[in-house]
Every structure is written in C-alpha cells, then in structure tokens.
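K.L.:
The structure's right below; bear with me while I get my questions together.
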Amino acid sequence: MPTARFASITLFAVLAGVACAPSSKTMTVEPSMPTASSAASSSASLSTTAAASPAPPPLGRKAPLPPVAAEPSPDAAPRLQSPALAQLDSKLTSYFDGVGSRRLYVQVDKPLYQPGETIWLRAWDLRAKDLGGAGDGPATYELLSPRGSVVLKKQVSATAGYSTNDFVLPDDIVGGEYTIRVRSPDGVVTGERPVVVSRYEAPRMKKKLEFLRKAYGPGDVLSATFELRRPTGEPVARHPVTALVRLDGSELPRVTTATNEQGSVVVKVPLPPAIALGDGLLTVLVEDGGVTESISKAVPIVRKRMDLAFFPEGGRMVVGLPSRVYFEAKTPLGKPADVAG
22 MPTARFASIT LFAVLAGVAC APSSKTMTVE PSMPTASSAA SSSASLSTTA
72 AASPAPPPLG RKAPLPPVAA EPSPDAAPRL QSPALAQLDS KLTSYFDGVG
122 SRRLYVQVDK PLYQPGETIW LRAWDLRAKD LGGAGDGPAT YELLSPRGSV
172 VLKKQVSATA GYSTNDFVLP DDIVGGEYTI RVRSPDGVVT GERPVVVSRY
222 EAPRMKKKLE FLRKAYGPGD VLSATFELRR PTGEPVARHP VTALVRLDGS
272 ELPRVTTATN EQGSVVVKVP LPPAIALGDG LLTVLVEDGG VTESISKAVP
322 IVRKRMDLAF FPEGGRMVVG LPSRVYFEAK TPLGKPADVA G
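The letter at position 240 of the sequence shown is residue 261 when you use my numbering, and the numbering goes up by one with no holes.
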C-alpha cells in the first residue's frame, strides 16, 4: 500500500542518520487517507526509535568524546646519568666554591667630560658562577690622573655587589685620559674604566689629527698628519698652525708650520733621547678670527721595556709539529707598540 511504503522509507532514513539535501526536482506523493491502526503503529515506531538513539552530529563534525580522568605524572628522571658527567659537575662545583672567581664592571654616563662637570658612575661586583651579587660592604672609588696619581677617592656602600656614586671634577683639572678604578669591599677584584677630560666648545673649523706610526720611542721624530677644513668642507690652505708636545709634565719646544693647498700638513716634533714615564700629549693650535682652537691626542710612546705575549694558533705547541705562533707587544701602560726584528 502507498501509505505503508512511505512510512517505512521515512523510518529507515531516521535510523541511518542520513542527511538528505533538498533536490531541485520535486516528487509528489498522494497517499490515500491512512487508517487509524496504521497511523498509531507508525507513531509508536518513530517514538521508540527517537528515544533509543540520540540525534547524530551534523555532517563533517565529530561527536565530542567523554572526559578522561587525569593520570599522575611520572617521577623526574636525573639528567646526569653518566658517571663522567657527574664527576665533571662535581669538579666544576668544587672549583667555583674554592676559587670564587668574580668580575667587576664599571659604567659611566659618557666618555668625555669638561672640567667642572660630574662623572656619574656605577659598578657591579658579580660572581662568575651565577652572576649573582658578591656581597655588601664599602667599595673604593678612585679617579686616577694620566700619570697614575690619585686625584679623587671615596668610599661607597655596596649592596649585593652593586654601588653607584659620582665624581665632581675640579674647575682647574688638567685635560687628558683619566682612569676610574673601583675596588671591591674585600679588595679581591678591581675594575677600571678610562674617561677623557678636555675643555671643548663648538668648533669653528673641522680638525683631524692622526699619527703616522702606532708607537714612538726615545729619540724618534714624532710625526702626525693634520687636516684643517671649514664647516662647509672647504680646505683651509696656507694657514699657520703650531704643534706642541707635553712629555712627562714638561713642554717640548713648539713647532710652527702651515697647511698646504689641500689644507693638510705633516707636523714633526723630535722626542728626547731619554723618556722616564712615557706620558705624552700632542696638541695642534689653530688661530682664526682671534679665536684659538686646538686638537689633542695622546702620544703612544714605547720605553725600553715592553710586554710581549705569545699565542700558539692551536692553543698549545706540539713537539715535532710545525705551528704558527702569534705575538703581541704592548707598552707598560698597556698600549700597542711597534716592534721589528
């Protein structure tokens, strides 16, 4: 009968969970009027099926899974399983506990200062093992002159290896390269930072001074190239300049010369045959419109004694094998030196 066939097709579609999309073609079914017994039977079958199975999820989407109870995490496994690694870790710990290596770092707010200005600085005293603060106590702050004498000194309280303070430069302080030295409260480690003190103002001319050699010794002729230009970049030709050298606190005879057509000149100043400390400063003076400008540079002077260091390329030299060895030459002040031979 048409009525029974239509009811069975509908019930099969519901049980299978098939999503039937509407079609562009329509089909007209004209069933005969159902009887009371057949309608009741179909209604009972549909109610039983709907109660037995829940509605399926939409097409393309997975049904949610029931929650899963949490599991306890496994025990932590030790990382150092090898006896050799455990021995290495023990030796490293013993080394840092016994030696107690530390590093002290000094920081300033700028590298160049004028007389009368304030040098703001701070220091960190850290352990090399974990970069933690070394401890508390009074740290020693010193400002050293270019000749190594103490100009200013103070005690600063350090907390967990950290300290901060300042140096007020005197108005009559002599220009040059000064050194800030900070010593830890226990005196074990020391940190240094160089700063330059010089009277400067906005220059009216551009000046450049370069030495022709990296270092000079007693009896050598100090030679340096000097360039003079206008702020617009034009060379200042045939302009008189004066060069002077202060060596170990005394001034050598001045040398007067003039620039060439390109605005440059090589200044030459003979050095004495005997040099005690090797603290030299070359200054070139230029006068323009009643205003004298200058440019200065520390002279790298080598004394008879030098510090030589040798570095094998592979770290160590092996007997019977050719090896390349590098060497380094420095002055007693730690500056680079020229050597030959």
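Cβ coordinates follow ideal geometry from the N, Cα and C atoms, glycine included.
What is the DSSP secondary structure of L106, reduced to helix, strand or coil?
P.N.:
Reduced to three states, the DSSP call for L106 is helix.
K.L.:
Just to confirm before moving on: does the CB-CB distance between L164 and L152 stay below 9 Å?
P.N.:
Contact: no.
K.L.:
Tell me, to the nearest whole angstrom, how far the beta carbon of R214 is from that of I201; I am working on the premise that it is less than 8 Å.
P.N.:
Right, the Cβ-Cβ distance comes to about 5 Å (below 8 Å), so this counts as a contact.
K.L.:
Our contact map puts V217 next to P132 with C-beta atoms below 8 Å; I'd like the distance itself, whole angstroms only.
P.N.:
About 6 Å separates the two Cβ atoms, so the contact holds.
K.L.:
Note the first and the last residue of the continuous beta strand (DSSP E) segment covering S163.
P.N.:
What sits at residue 163 in the sequence shown is Glu, not Ser. Taken as a continuous stretch (DSSP letters only), the beta strand (DSSP E) holding E163 covers G158 to L165.
K.L.:
Buried or exposed: P294, going by 16 or more other Cβ atoms within 10 Å of its Cβ?
P.N.:
Exposed, since its Cβ has fewer than 16 Cβ neighbours within 10 Å.
K.L.:
Put D151 into one of helix, strand or coil per three-state DSSP.
P.N.:
Of the three classes helix, strand and coil, the one that applies to D151 here is coil, per DSSP.
K.L.:
Within 8 Å, do at least three Cβ pairs link the segment 321-331 to the segment 230-240?
P.N.:
Segments in contact, yes.
K.L.:
Alpha carbon to alpha carbon, what distance is there between L342 and T253?
P.N.:
Approximately 60 Å between the Cα atoms of the pair.
K.L.:
Decide if Y10 is buried, meaning its Cβ has at least 16 other Cβ atoms within 10 Å, or exposed.
P.N.:
Examination of residue 10 is not possible in this model, given that the chain is present from 22 through 362 alone.
K.L.:
Kindly give me the distance between the Cβ atoms of S244 and L230, rounded to whole angstroms, as I take these residues to be in contact under 8 Å.
P.N.:
Not a contact, Cβ separation roughly 11 Å.
K.L.:
According to DSSP, is L113 part of a helix, a strand, or is it coil?
P.N.:
In the structure shown, L113 sits in a helix (DSSP, three-state: H, G or I).
K.L.:
Starting from the C-beta of L67, find all residues in its chain whose C-beta is less than 6 Å away, skip the five residues before and the five after it, and write them out in chain order.
P.N.:
Reliability fails at L67, whose pLDDT of 45 lies under 50, so the model's placement of it is uncertain and the value that follows must be treated cautiously. No residues qualify anywhere along the chain.
K.L.:
In the DSSP assignment, the beta strand (DSSP E) including E308 goes from what residue to what residue?
P.N.:
Counting along the chain, the beta strand (DSSP E) containing E308 begins and ends at G301 to D309.
K.L.:
Rounded to whole angstroms, what's the CA-CA distance from S115 to F247? Just pull it up for me.
P.N.:
Each residue's Cα considered, the two are about 57 Å apart.
K.L.:
How would you write the range of the beta strand (DSSP E) that I201 sits in, first residue to last?
P.N.:
That run of the beta strand (DSSP E) goes G197 to R204.
K.L.:
Just curious, the beta strand (DSSP E) that K228 is in, first and last residue?
P.N.:
K227 to F232 is the extent of the beta strand (DSSP E) around K228.
K.L.:
Taking the alpha-carbon of V305 as reference, which of K235, M226 and A105 has the nearest alpha-carbon?
P.N.:
Ranking K235, M226 and A105 by Cα distance to V305 puts M226 first.
K.L.:
So, is P88 buried or exposed, given that buried needs 16 or more other C-beta atoms within 10 angstroms?
P.N.:
Exposed is the call here.
K.L.:
Got a sec, what are the start and stop residues for the beta strand (DSSP E) V286 sits in?
P.N.:
It spans S285 to P291 - the beta strand (DSSP E) in which V286 sits, taken as one unbroken run.
K.L.:
Looking at the strands, I want to know which residues DSSP matches up with Q128.
P.N.:
R143, per the DSSP bridge assignment.
K.L.:
Does P87 have its Cβ less than 9 Å from a Cβ in chain B?
P.N.:
Of the protein chains in this structure there is only one, and it is not chain B.
K.L.:
Between P104, D187 and G169, which has its C-alpha nearest A144's C-alpha?
P.N.:
If we check each option's Cα against that of A144, D187 comes out closest.
K.L.:
Measure the C-alpha to C-alpha separation of E255 and A361 and round it to an integer number of angstroms.
P.N.:
The straight-line gap from Cα to Cα measures roughly 40 Å.
K.L.:
Determine the direct distance from the alpha carbon of Y126 to that of T211, and round the result to whole angstroms.
P.N.:
Roughly 9 Å separates the two Cα atoms.
K.L.:
On a CA-only basis, which of T278, L302, G270 and R267 is nearest R259? Give me that one, please.
P.N.:
Cα-wise, what sits closest to R259 is T278.
K.L.:
Nearest to S285 by alpha carbon, out of P159, R267, E314 and L249?
P.N.:
Out of P159, R267, E314 and L249, L249 has the C-alpha closest to the C-alpha of S285.
K.L.:
DSSP has Y237 in a bridge; who is on the other side?
P.N.:
DSSP, once it has assigned bridges, lists I322 as partnering Y237.
K.L.:
Whose C-alpha, out of A181, R204 and R267, is nearest the C-alpha of G154?
P.N.:
Comparing Cα positions, the closest option is A181.
K.L.:
Among all the DSSP beta bridges, which residues are the ones paired with I296?
P.N.:
BP columns for I296 are empty, so no partner.
K.L.:
Would D207 be called buried (16 or more neighbouring beta carbons within 10 Å of its own) or exposed?
P.N.:
The residue is exposed, with fewer than 16 neighbouring Cβ atoms inside 10 Å.
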